[in-house]
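**Student:** Just passing along the structure, written as structure tokens.
Numbering (this note's numbering), first residue to last: 4 to 152.
See the structure below:
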């Protein structure tokens, strides 16, 4: 059950990520941004980066927002001049914390759906095996047999 629960959590997370991607596809506005801070984590199987950017909203009230972007890969290697020159981002005017690097396709939702499918399949397999194992190992009671005294 625990593994199946994780599959459900991954599905909900993937749906949330997909909604973010759709929102940026529909109404994302491209603006220049200043890179404030980058932290690269290459301790696991893949490299990820957390990038903090600062940008001004377009419109009548140009507010400045500072937000963090999760980037799959080594940001410093992929964007070597970004710390000096900045970079272009897309943000959602309805939710300025929803940001992605311009041109980054953001396949996170697809990757989460694949992970959810694998975890759910493994969980279902474990559940089926457990039910099968208890049925096979449990001794059957025969109603025709009476205890002898």
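Glycine included, each C-beta is placed from N, C-alpha and C at the ideal position. Source: prediction; values computed, not measured.
1) Round the Cβ separation of residue 92 and residue 36 to the nearest angstrom and send it over; I've been treating them as touching at under 8 Å.
2) Would you call the CB atoms of residue 55 and residue 78 closer than 8 Å?
3) Using the C-alpha atoms, what's the distance from residue 119 back to residue 26?
4) Looking at the secondary structure, which residues open and close the beta strand (DSSP E) in which residue 81 lies?
5) At what residues does the beta strand (DSSP E) containing residue 33 begin and finish?
6) DSSP state of residue 123, grouped into three classes?
7) Would you kindly check if the distance between the Cβ of residue 30 and the Cβ of residue 97 is under 8 Å?
8) What did DSSP end up calling residue 21 once you bin it into helix, strand or coil?
**Tutor:** Quick answer:
1) If you number the chain shown from 1, residue 92 lands on position 89. If you number the chain shown from 1, residue 36 lands on position 33. Between residue 36 and residue 92 the Cβ distance is about 5 Å, and since that is below 8 Å, they are a contact.
2) Residue numbering aside, residue 55 sits at position 52 when the chain shown is read from its first letter. Residue numbering aside, residue 78 sits at position 75 when the chain shown is read from its first letter. Not in contact: residue 55 and residue 78 (Cβ atoms no closer than 8 Å).
3) Taking the chain shown and counting its residues from 1, the one referred to as residue 26 is at position 23. Taking the chain shown and counting its residues from 1, the one referred to as residue 119 is at position 116. So the alpha carbons of these two residues sit roughly 22 Å apart.
4) Within the chain shown, the letter at position 78 stands for residue 81. From DSSP, residue 81 is part of no beta strand (DSSP E) but of the alpha helix (DSSP H) over 78 to 81.
5) Walking along the chain shown from the start, residue 33 turns up at place 30. Where residue 33 is concerned, the enclosing beta strand (DSSP E) stretches over 32 to 44.
6) Working through the chain shown from its first residue, we reach residue 123 at position 120. If DSSP states are grouped into helix, strand and coil, residue 123 belongs with the helices.
7) As a position in the chain shown, residue 97 is number 94, starting the count at 1. As a position in the chain shown, residue 30 is number 27, starting the count at 1. Result yes, Cβ atoms of residue 97 and residue 30 sit closer than 8 Å.
8) Working through the chain shown from its first residue, we reach residue 21 at position 18. Helix.
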